[in-house]
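Undergrad: Here it is, the structure in full.
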Ligand SMILES: Cc1cc2nc3c(=O)[nH]c(=O)nc-3n(C[C@H](O)[C@H](O)[C@H](O)COP(=O)(O)OP(=O)(O)OC[C@H]3O[C@@H](n4cnc5c(N)ncnc54)[C@H](O)[C@@H]3O)c2cc1C
Ligand code: HEM
Ligand code: SF4
Ligand code: F3S
Ligand code: FES
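Chains as they are written, first to last, in my numbering: chain F, 2 to 571; chain D, 3 to 148; chain E, 1161 to 1418; chain S, 611 to 727.
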């Protein structure tokens, strides 16, 4: 029998969404036992890397309106956002900014002491609330530190969750491995909030932390919940070369220029109204078009790139408002942005898709919610606006934390615990992977999968590439990579890495299939063979359900309340 | 918790300040402060014992004085002088710093980060103190060996 | 001489090493839960001018020995996972470029003063609980607000923000605790990481918890066990300068500031 | 000492350091009024002791340095090893050492200054 632990509420993931949910739940009911379980330690989740800002309407006195935030979000999404969800986000956010502030968030301030905001892509008002350019880091710190107030929150640091256990109707628990000891545990719980973040490491050139693999998405998928809109991947225009670390959109928000080989601010040809501050999908496409038409630079690695010029901002502004990227640029590419333009290239940055939830963040299985980047409540549609993601994490962290407590308080008679599923999971990972045999290096396979996605499902896609990519991924899946060389139990990251690879295959397949099926160009998904948006046939979400043979693809309607889809111009 | 103790660097972390490039002269000053403090305490106890011989009459007093009238004794006294000067000088620096003076002011750090509390003023003080200790030892020896 | 994992050598490797330069990486290995053996394994890895120590370690893990135990996540010096001793000095692996070490041979060891979990990964439980002990949150009655109240922010000037922002930059990498000489012996010392956080909240104009926090740190293994050795600030990768925070905190306890 | 807050102990530590510093300067300056070798002559020393002001200075110096020195020792010992019994032992040990040293030194000072040699 496996070791067993019990919580009332299990929160999978300690990023922004997970921590916000934990605080809300702990505040609402001090009696319930909350377990925050993450494969990373304390505050080492990917969220600490978020740089630029968190969107909210807090300057109504200067003319900003919630209505405008909603419309910008919907328009940015290429009209695929569920409009009730977007409304929820924009309405709840202002209070959250002040709540974070009350908890100690070091927001950057105006001279009069009020919270400052900066410009961000796709908005009609400068509404990205910022703290230098380490917004996610400071938010994580504020939330993590605030969690320390509550004695009913317990952190399980470095526990790798492998599956969700349910009895067919409702959630019963999870299985997880404590990394330090290698012990396999059953963790029983009444409710689960999945906040395992994005999966951007399925692309080789990526801004994500190395821990952002799709295992969270995959466990929900394997448990029978749908993944929604996975074909929509956001490519951020400005990833630094060669590492792919992000140069925040805040750099352009503060006035940075994108220039091509001729020294032109080429964005004037693509979005004259907003220039560099057009939404990310548009800017990324423009950069790739420029490169394809021969107006790019060559980086010393041989990669094509563009340049981001911040010199005119001056050293002091760069230090005060963009200190983080200044550090990154000097350290990782040896360039001080005050002296030289930075080499950049579009880079995998965000997954609009995720676990299918409704506007409340409830997933299809009773007792399970999803929040943050792992979830797809369709607030971002086909393209997320910068600064709307940290907002999303906070808002749905709060909502799901509160709803999960309501659910737990209503005493759902938990049925018989399905022990056989735990046994099955144990067999899957220990016999299938840990004790597996093979002669193919899983790390090289992992790299190949990621490079395939980068090559075949990048900013511009087409049928042939996607079909080839899918074929390649399926071929790789057949290779004998399922084995773990490291036979120790303690801190066996080799085991973990192979499990992550296992999940990559299933999720990469869904991304590629979704992209193949969507024969139009919308937001983050741009097809050269179908260059325009096709509302008649594709104004719907994509759902993918797990099946051992091939994902079962379905359609799901878009909620449209006020704003009829129109052509998107900036 | 046993494991916890075993994981500590222990005395190695105290006695081996490493190359100056590793943790800076401040770490050496930290070590010398301890050693001189203990050395002075040992000397002080000895000194109290030695001076108590005054109660036993001139003969005993003179005899006990002789102990330090040798070359080794002079070197030892010189060392005490050095320890005293260093401990005092560094103690003054520490008291000033520990009250919050001369360690810079809090502000937004800019890359490449330079900790303000580890500054030239402090380093200069340490070097000056070391120099003064050396000087005092030299002077003491000059007097004693004269 | 590269030690190659016996099983690994049977794997079909497809990687072609293209770089012209390479470096020897000596990794300290141990698994104290199994036995007390400690050894160094040597690997030769190709490098470019931007290769970081973390890149090199992951290269080893991917191609030469999958079993290397190392903690990492963000690879951009913001998550604090990858603290270790590099050529004897505590540093972040992802923030140390091999080219700046000016050495053909690089030794990596786990951080001092933490129990080793495996190889380079250490157990940080004590730092995590000491952090909690100093009450690292804004303490005041009205810190919870709800949407209906219409409450806005507490005003705080940019100058006020500058009073604590540097301490707020702590990524909890724990390098400071591994460098501090008191930490080397005193297993109950709160440590520079937690003390700097105590100062971070006290220096925040919104906080009213100064006295509570001072009480926590004013005990026999609290703030007074710092002797301003400065090593913590010397190794901090984020410019937090814990030594400064600690001396400023002392000012309150000595009655010089309020 | 166990009952005192650590900050108070450390204030005493700093206070004794400053006091000792001040008095040591006086002490040394007085030595320097004479030639080094001469100053240690038995008769001169006795004469010094019999100057009541000087005796008080010595007594104060003795107390200050003992308190400072033994507290310094306590600090180092506290950092060497931990545990409630050990810490109690260290505190009591240092207190006893301090008291003993003060007593022993005072004996010399008082007896000498009262001309009991
Ligand atoms: C470089 C970068 C910059 C960004 N900047 C901005 C910005 O300026 N503004 C903005 O709004 N958004 C930004 N974003 C997006 C935003 O940061 C993310 O969408 C958001 O942080 C996701 O938070 P999260 O809480 O959902 O998940 P994460 O922070 O990714 O956390 C995931 C958690 O799940 C855990 N986990 C995952 N799998 C498992 C498992 N199998 N078992 C146990 N635990 C698991 C992880 O350990 C981690 O704790 C940025 C993103 C990137 C990549
Ligand atoms: C007269 C001038 C002196 C001054 C200004 C002085 C100052 C100080 C200071 C400030 C400290 C604390 C250091 C810290 O916090 O790390 C200290 C520690 C100490 N002092 Fe002194 N001191 C003096 C004389 C002495 C003497 C004469 C002795 C011996 C009897 C002594 C023994 C010690 C010891 C043992 C310590 C502990 C060492 C440590 O904590 O590093 N001091 N001193
Ligand atoms: S203070 Fe600096 S060294 Fe210490 S944990 Fe924080 S960031 Fe790391
Ligand atoms: S290294 Fe340690 S002794 Fe103090 S100044 Fe830093 S905490
Ligand atoms: S990997 Fe995050 S700090 Fe190095």
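From the three backbone atoms N, C-alpha and C, an ideal C-beta is built for every residue, glycine too.
Tell me which residues of the region 298 to 331 of chain F have at least one Cβ-Cβ distance to chain D shorter than 8 angstroms, keeping chain order.
TA: 320, 321, 324, 327, 328 and 331
Undergrad: Quick one: complete alpha helix (DSSP H) runs, 4+ long, within the region 1290 to 1349 of chain E?
TA: 1318 to 1322, 1335 to 1339 and 1341 to 1345
Undergrad: If contacts are defined as beta-carbon pairs under 8 angstroms, then residue 481 of chain F and residue 232 of chain F qualify, I think. What distance do you get, rounded to the angstrom?
TA: The pair is not a contact, with the Cβ atoms about 29 angstroms apart (cut-off 8 angstroms).
Undergrad: For the region 192 to 223 of chain F, which segments carrying the alpha helix (DSSP H) assignment without a break, of at least 4 residues, lie completely within its bounds, in sequence order?
TA: 216 to 223
Undergrad: For a contact defined as C-beta to C-beta under 8 angstroms, what are the partners of residue 1385 of chain E on chain S?
TA: Chain-order list of chain S residues neighbouring residue 1385 of chain E: 685, 688 and 689, by C-beta distance under 8 angstroms.
Undergrad: If you draw a straight line from the alpha carbon of residue 659 of chain S to that of residue 669 of chain S, how long is it in whole angstroms?
TA: 11 angstroms
Undergrad: Would you kindly work out how many angstroms separate the C-alpha atoms of residue 47 of chain F and residue 388 of chain F, rounded to a whole number?
TA: Put simply, the backbone Cα of residue 47 of chain F is about 15 angstroms away from that of residue 388 of chain F.
Undergrad: At a Cβ threshold of 9 angstroms, is residue 486 of chain F touching chain E?
TA: yes
Undergrad: Should residue 1166 of chain E be flagged as near chain S, meaning a C-beta pair shorter than 9 angstroms?
TA: Residue confidence for residue 1166 of chain E is low, a pLDDT of 41 falling below 50, so the modelled location carries little weight; the figure read from the coordinates is stated next. It does not; no Cβ of chain S falls within 9 angstroms.
Undergrad: Look up residue 42 of chain F in the DSSP assignment and say whether it is helix, strand or coil.
TA: Secondary structure at residue 42 of chain F: coil, using DSSP grouped into helix, strand and coil.
Undergrad: Using a Cβ cut-off of 9 angstroms, pull out every chain F residue sitting near residue 1321 of chain E, in sequence order please.
TA: 107, 108, 109, 110 and 132
Undergrad: Counting beta carbon pairs with one atom in the region 1344 to 1356 of chain E and one in the region 120 to 135 of chain D, are three or more of them shorter than 8 angstroms?
TA: no
Undergrad: Helix or strand or just coil, what does DSSP make of residue 69 of chain F?
TA: helix
Undergrad: Would residue 698 of chain S be called buried (16 or more neighbouring beta carbons within 10 Å of its own) or exposed?
TA: exposed
Undergrad: How about residue 1329 of chain E: is its Cβ closer than 8 angstroms to a heavy atom in ligand 3?
TA: yes
Undergrad: Taking only beta-carbon positions, decide if residue 1240 of chain E is within less than 9 angstroms of chain S.
TA: no
Undergrad: Measure the alpha-carbon distance for residue 709 of chain S versus residue 46 of chain D and round it to whole angstroms.
TA: 14 angstroms
Undergrad: Could you check whether the region 1376 to 1386 of chain E touches the region 85 to 97 of chain D, counting it as contact only if at least three pairs of C-beta atoms, one from each stretch, sit closer than 8 angstroms?
TA: no
Undergrad: With DSSP collapsed to three states, give me the class of residue 140 of chain D.
TA: helix
Undergrad: Do residue 369 of chain F and residue 172 of chain F have their C-beta atoms within less than 9 angstroms of each other?
TA: yes
Undergrad: Classify residue 1244 of chain E as helix, strand or coil using the three-state DSSP reduction.
TA: strand
Undergrad: Measure from the alpha carbon of residue 1289 of chain E to the alpha carbon of each residue in F:298, F:117 and F:145, then state which is nearest.
TA: If we check each option's Cα against that of residue 1289 of chain E, F:145 comes out closest.
Undergrad: Taking the straight line between their C-alpha atoms, what separation do you get for residue 3 of chain D and residue 691 of chain S?
TA: Low local confidence applies: a pLDDT of 39 at residue 3 of chain D is under 50, so the model's placement there is unreliable, and no value is given.
Undergrad: Which residues in the same chain have their Cβ closer than 6 angstroms to the Cβ of residue 1267 of chain E, if we skip the five residues on either side of it in sequence?
TA: 1186 and 1247
Undergrad: Can you give me the start and stop residues for the beta strand (DSSP E) that residue 1199 of chain E sits inside?
TA: 1198 to 1207
Undergrad: Name, please, each residue of chain D whose Cβ falls closer than 8 angstroms to the Cβ of residue 1416 of chain E.
TA: For a Cβ distance threshold of 8 angstroms, residue set 101 and 102 of chain D lies close to residue 1416 of chain E, ordered along the chain.
Undergrad: Measure from the alpha carbon of residue 1323 of chain E to the alpha carbon of each residue in D:27, D:107, D:101 and D:85, then state which is nearest.
TA: Ranking the options by Cα distance to residue 1323 of chain E, first place goes to D:107.
Undergrad: If you compare alpha carbons, which of F:350, F:471 and F:548 is closest to residue 200 of chain F?
TA: F:350
Undergrad: Of all Cβ atoms in chain S, is any one closer than 9 angstroms to the Cβ of residue 1212 of chain E?
TA: Residue 1212 of chain E does not count as touching chain S.
Undergrad: Which chain D residues are close to residue 1396 of chain E, counting only those with a beta carbon under 9 angstroms from its beta carbon?
TA: The answer, in chain order, is 115 and 117.
Undergrad: Helix, strand or coil: which one does DSSP assign to residue 347 of chain F?
TA: strand
Undergrad: Is residue 186 of chain F helix, strand or coil when you go by DSSP?
TA: Strand, per DSSP.
Undergrad: Within 10 Å of its beta-carbon, does residue 569 of chain F have 16 or more other beta-carbons around it, so buried, or fewer, so exposed?
TA: With 16 or more Cβ atoms within 10 Å of its Cβ, residue 569 of chain F is classed as buried.
Undergrad: Please list, in chain order, the chain E residues whose beta carbon lies closer than 7 angstroms to that of residue 243 of chain F.
TA: 1210
Undergrad: Give the DSSP bridge partners of residue 306 of chain F, in chain order.
TA: F:298
Undergrad: Can you check whether the C-beta of residue 1342 of chain E is within less than 9 angstroms of a C-beta belonging to chain B?
TA: Of the chains in the structure shown, none is chain B; the protein chains are F, D, E and S.
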